[in-house]
Amino acid sequence: MSEPVLLSLEDVAVDLPTPRGNLRAVDRVDLTIGAGRTLGIVGESGCGKTMLSRSILQLLPKKAKLSGRVIFDGQDLARLDPERLRKLRGKSLAVVFQDPMTSLNPVLTIGTQLIETLQEHLELDGQAARIRSAELLAAVGIPAAEQRLAQYPHQLSGGMRQRVAIAIALSCEPKLLIADEPTTALDVTIQAQILDLLAREQRRRHMAMILITHDLGVVAGRTDEVAVMYAGRVVERAPTPRLFKNMHMPYTEALLAAIPKIDAAPHTPLPAISGRPPDPTRPIPGCSFSPRCHYASSLCHREKPLLGTAESPDHQFACFHPISLAAGIEA
Amino acid sequence: MDAERSAGRAPLLEVQNLVVEYSVGGRTIHAVSGVSLEVERGETLGLVGESGCGKSTLGRAVLQLRRPQSGRVLFDGQDLTAMQGEALRKMRRRVQLIFQDPIASLNPRRRIGDIIAEPLVIAGVKDQKRREQLVHEVLSAVGLDPQLVAGRLPHEFSGGQCQRICIARALVLNPEFIVCDEPVSALDVSIRAQILNLLEDMKARFGLTLLFIAHDLAVVKAVSDRVAVMYLGRLCEVGPSEQLFAHPAHPYTALLIEAIPVPDPDVRPAESVAVGEPPSPMAPPSGCRFRTRCPRADQRCSEEMPELREVGPQQFAACHHPLIGAG
Amino acid sequence: MATLELVIDEDVASGPVTRTRRLGPLFWAAVGWTIFILAAAASAGLLPLPSPTDMDMLERRAAPSVLHWLGTDGLGRDELARLIFGARVSLTVGLCGPVIGLTIGGALGMLSGYFRGRFESLVVGSMDVLLAFPPLILALAVTAYLGQSLLNLTCILGVLGIPAFMRVARAATLTLARREFVIAAQALGATHARILLRELLPNVLLPLLAFFLLGVAVTIVAEGALSFLGLGVPPPISSWGSMIGEGRESLEIAPRLAFMPAIAMFLTVLSFNLIGDTLRALTDPRQGAL
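Taken in order, these protein sequences are the chains called U, W and F. First residue of the first sequence? That's 141 in the numbering used here, and the numbers climb one at a time after it. First residue of the second sequence? That's 684 in the numbering used here, and the numbers climb one at a time after it. First residue of the third sequence? That's 5 in the numbering used here, and the numbers climb one at a time after it.
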């Protein structure tokens, strides 16, 4: 990669104590993202992708224990003091969540929420902040921006609210935007608009973006690189075209196969993945996917495969029997 | 629509000009505004549309869980809208419903065995042994071990398992018709495929007719013989699945298809043609309701509400300027 | 052929998730005291106690002795016996009064939350009217008209509790009636009665019971206050409240006469509160987030 590395996660792990025992939500993840690049993180519920995004933002629940390093722009966020961290959040590091109804304050107007952010981080005075807020709303495609400033979140539709949330996130020109399932709660036509908006803004601002989703279709056309997560670990990571064309992980293959395709004929039986996603409070020895994997061998049930590369250094996977690869992994 | 009648048998379900409205805080929401459709015995009709289009309301109205303001629903020739009380309750044994949120669909304080036996009790099956036997049969049919499952509470199960339980409950009375209201939307991707396969299996095994409501086009296409597209309370287009998706006639159908994210990195997502947001169901636009977002809209579209007309073999679209067929 | 899911694997078969809210020692102490006082009150007649109404004018305000374990009161009556018989009164009113609230209020609440519409407006309106009555005035009016007795007292306090139970039941029913499992029952052709009894009641009962225990605590205090003012149970029946009232005169000489019934009431009310709070916390399903 020729771009400078903006964010680097090194050996990040998140442990949560629960009544049923320790829950390893994130299990030693290494990831990097360069300035201006888009990383897609794909996984189902319980795979740890949300906890991972929270650990970047240092917004983990109180009981959670974070280990490893989160290096953003040269600083380790996990070890930064709260005041500097707070200044960083919102300004250089922004977030868009899944449900805009709960991520926006329902009792404050949109204008107030935008202006507050601008005043806090950019130290603009009231008038300048108002003008800038209206500009931002217009930039994210909200018609009649001036009037909208006085409206409350419940007066807008889901798509509009998400645009407002994006406007707030982008207001201070962040270097990195984390979008955690930003379109899952939206209709498919609105989803397309929102994703286009994010892509456009990212190109204009040369902003890095992490797009977290469970939908492989969403990452396919809109990311540079994809990391697939399962049971708290990154199990495959590659530049997007290579992931889809030349995947090595059986899980990735199974996930792709299980999605109904629009050009398939009706009543084609779907190759479903048997079993259920793993219980994070009961880790098993061996590969977490092995109970559901067609290709699993006794080795897979015994030992956990480590993330390694094969023919290309930027394509990593964790499997003893990778698909479309003759030999095993080279760690 | 007459082409279908020539098959000889009347359709199992006939919805005629259904109108469902309800008031919220003094204003009226026009959820369903004059929808007519038919479902033949043994087929799966997919009903697709985005949020606010009224598809869920339509599903509930068909079952008379929400009484329509006008229109009729004929099930096996009998008018459900005219039925009340005991007669309606008896009809309910033949028509069942599966919901979107499987965990919320189960009473958290009752055991699975009781939940599945409930329809039998209501239907008057007095013999407890017989009830147990039927419950066990249907649990096995959906892939759950009755010994392990029957005595437990819903919170002990995952979303996918709960949906299986809900399907079992819907099947225990051997109904003829099931309305599936977004049955897989709340489930993980890898579980969705399991449940869809299960539904197809159960349909074949129990000889069911399905009305499958969803917002995900690919999911709808995977299980449906025919698909109906709804927008803001009206039907836009109805037709056989393959044909509709390969050659959509209504601009909205085309828009929906184009907006689907395709898991293929070579397919560049087209800059969406979709303009703006859907209008509110409290104030639907005059004439064609899609005209505010339609690239083909003109004066006629704002004055005259289009009716469903045949634009292809068995394909009907409500549009003055359809993409295929006579203009 | 569909890929059918495996039968449930071991972690479900091994047993359900045990919701271990560790019930601390405080909870068990509360339970212990409650059982003790209930048992004492129930078996009062059988215990080898001197009569609580026998006056011994020579032994007035006597200190604790072998004859009178907790001493005697201002009229020479045995303190311990009066305390235990007083427990009877407090607990009878305290338990039976809220039962009236629970049954009538709970029923009204569930029905109004389920059927809504005009019935609901009627019920809520009537409850508002009832709440608007100053409770003390109402109690006074009833006792003046119908006379003071254990039954009348229980009924008044019971009726005064109906609006609160109605509110709790209605609130719980409103949230539940919209959940899909209720609509599923309707879709199955269940009658309203069946839905109310088999689907809603089991879910509404637990918060209602937790509230009931809190209601017991409140009613005991209310009865105590009324008896203190002389408006509760008539003498010579002893009640903790009236004992406190009588003990006021002897505060300088024998403060225990006022304090002992006060402590007994305090412990009992506290215990019911603790148990009620714990029950409410237990029934609050907390979803674990990941």
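Where is the CB? At the ideal position from N, CA and C, for every residue including glycine.
Q.
Short of 7 Å Cβ to Cβ, which residues in the segment 176 to 197 of chain U face chain W?
A. 184 and 185
Q) Thinking C-alpha only, which one of 967(W), 920(W) and 985(W) is nearest residue 729(W)? A) 920(W)
Q: Would you check if there are 3 or more beta carbon pairs closer than 8 Å linking the segment 363 to 373 of chain U to the segment 894 to 910 of chain W?
A: no
Q) So, is residue 394(U) buried or exposed, given that buried needs 16 or more other C-beta atoms within 10 angstroms? A) By the neighbour-count rule (16 or more Cβ atoms within 10 Å), residue 394(U) is buried.
Q.
Using C-beta distances below 7 Å, list every residue in its chain close to residue 733(W), excluding the 5 sequence neighbours before and after it, in chain order.
A. 898 and 961
Q) How about the segment 343 to 351 of chain U and the segment 152 to 164 of chain U: do they share at least three Cβ pairs that are nearer than 8 Å? A) no
Q: Return the Cβ separation of residue 254(U) and residue 307(U) in integer angstroms, given the expectation that the two are a contact with Cβ distance under 8 Å.
A: 6 Å
Q. Is the beta carbon of residue 244(F) sitting closer than 8 Å to the one on residue 265(F)?
A. In this structure, residue 244(F) lies near residue 265(F), with their beta-carbon atoms less than 8 Å apart.
Q. So residue 715(W) is in the alpha helix (DSSP H); what residue range does that whole segment cover?
A. First-last for residue 715(W): 710 to 722, but that is the beta strand (DSSP E), not the alpha helix (DSSP H).
Q: To the nearest angstrom, report how far apart residue 793(W) and residue 813(W) are at their CA atoms.
A: 20 Å
Q) Among residues of its own chain, excluding the 5 on either side of residue 349(U), which ones have a beta-carbon nearer than 6 Å to its beta-carbon? A) 178, 317 and 342
**Q.** Residues bridged to residue 205(U) (per DSSP)
**A.** 155(U).
Q) When the Cα of residue 334(U) is compared with those of 391(U), 238(U), 259(U) and 272(U), which residue comes out closest? A) 238(U)
Q) According to the neighbour-count rule (16 or more other Cβ atoms, all chains shown, within 10 Å of its Cβ), is residue 90(F) buried or exposed? A) That one is buried.
Q: Assign residue 103(F) to one of three DSSP states: helix, strand, or coil.
A: helix
(Q) Would residue 904(W) pass as an interface residue toward chain U - the criterion being a Cβ-Cβ separation below 8 Å? (A) The beta carbon of residue 904(W) sits closer than 8 Å to some beta carbon of chain U.
Q: Could you work out which residues of chain U lie near residue 880(W), taking near to mean beta carbons separated by less than 7 Å?
A: Neighbours of residue 880(W) on chain U, chain order: 409, 410 and 412.
**Q.** Sequence-distant residues of its chain with Cβ nearer than 8 Å to residue 823(W) (five each side left out)
**A.** 829
Q | Distance, residue 799(W) Cα to residue 809(W) Cα | A | 15 Å
Q: Measure from the C-beta of residue 293(F) to each C-beta in chain W and report whether the shortest distance is under 8 Å.
A: Any answer about residue 293(F) is weak, because its pLDDT of 28 lies below 50 and its placement is not dependable; what the coordinates show is given next. With its beta carbon at least 8 Å from every one in chain W, residue 293(F) lies outside the interface.
Q. Taking just the CA atoms, how far does residue 866(W) sit from residue 215(F)?
A. 37 Å
Q: For the alpha helix (DSSP H) holding residue 934(W), just list the boundary residues, first then last.
A: 934 to 942
Q | residue 779(W) beta carbon less than 8 Å from that of residue 197(F) | A | In this structure, residue 197(F) lies away from residue 779(W), with their beta-carbon atoms at least 8 Å apart.
Q.
On a Cα-Cα basis, can you pick out the residue from 155(U), 146(U), 163(U) and 153(U) that is closest to residue 418(U)?
A. 163(U)
**Q.** Closer than 8 Å to chain U by CB, residue 708(W)
**A.** no
Q) So, does the CB of residue 805(W) fall closer than 8 Å to a CB anywhere in chain F? A) yes
Q) Between residue 698(W) and residue 892(W), is the Cβ-Cβ spacing less than 8 Å? A) no
(Q) Assuming residue 317(U) is part of the beta strand (DSSP E), what are its boundary residues? (A) 316 to 320
Q: Would you tell me roughly how many angstroms separate the C-alpha atoms of residue 179(F) and residue 120(F), rounded to the nearest one?
A: 13 Å
Q: Give the interface partners of residue 698(W) over in chain U, defined as CB-CB distance under 9 Å, in chain order.
A: Within 9 Å Cβ-Cβ: nothing; residue 698(W) doesn't reach chain U, min ~22 Å.
Q: Please state whether DSSP places residue 341(U) in a helix, a strand or coil.
A: Looking at residue 341(U) - three-state DSSP - the assignment turns out to be helix.
Q: Tell me, please, which residues DSSP counts as bridged to residue 149(F).
A: Per DSSP, none; premise fails for residue 149(F).
Q. In whole angstroms, what separates the C-alpha of residue 928(W) from that of residue 406(U)?
A. About 11 Å.
Q: Flag residue 685(W) as yes if its beta-carbon sits less than 8 Å from any beta-carbon of chain F, otherwise no.
A: Low confidence applies to residue 685(W): its pLDDT is 47, below 50, so where it sits in the model is not reliable, and the reading given next is rough at best. No, no contact with chain F.
**Q.** Those runs of the alpha helix (DSSP H) which lie wholly inside the segment 804 to 843 of chain W and span at least 4 residues
**A.** Contiguous alpha helix (DSSP H) elements confined to the segment 804 to 843 of chain W occur at 811 to 824 and 829 to 832, taking only those with 4 or more residues.
(Q) Using 8 Å as the threshold, is the C-beta distance between residue 745(W) and residue 862(W) below it? (A) yes
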